[in-house]
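S.K.: Residue numbers for the sequence shown follow this note's numbering, beginning at 848 and rising by one.
Glycine included, every Cβ here is placed at the ideal spot set by N, Cα and C.
None of these values were measured; they are calculated from a predicted model.
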Amino acid sequence: MKEHQLNVRVRYSETDQMGVVYHGNYLPYFEIGRVEWLRNQGISYKSMEESGVAL
């Protein structure tokens, strides 16, 4: 698998009073990473759906 790095800014509303990210917010971060990795590879959701790949 090809390596890809992406910086995602954690918003204040995604943390508790101690500055720790709430665990439920990690899944959207993973989705952002997945979409950006696909985009970097030249693959779009639309092309995958047209190929019959269920996302």
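Just curious, the alpha helix (DSSP H) that G880 is in, first and last residue?
M.R.: Walking along the sequence shown from the start, residue 880 turns up at place 33. Element bounds for G880: Y873 to N887.
S.K.: Report yes or no: do three or more beta-carbon pairs, one from the segment 880-890 and one from the segment 858-867, lie closer than 8 Å?
M.R.: no
S.K.: What does DSSP give as the partner residue(s) for V868 in the beta ladder?
M.R.: Working through the sequence shown from its first residue, we reach residue 868 at position 21. Within the DSSP secondary-structure output, V868 pairs in a beta bridge with T862.
S.K.: Return the chain-ordered list of same chain residues with a C-beta closer than 8 Å to the C-beta of L902, the five sequence neighbours on each side being excluded.
M.R.: Within the sequence shown, residue 902 is the residue found at index 55, counting from 1. Excluding residues within five positions, the ones whose Cβ falls inside 8 Å are Y892, M895 and E896.
S.K.: How about L853 and G871: do their beta carbons lie closer than 8 Å?
M.R.: Sequence index remark: in the sequence shown, residue 853 carries index 6 (1-based). Sequence index remark: in the sequence shown, residue 871 carries index 24 (1-based). Taking 8 Å as the Cβ cut-off, L853 and G871 do not qualify as a contacting pair.
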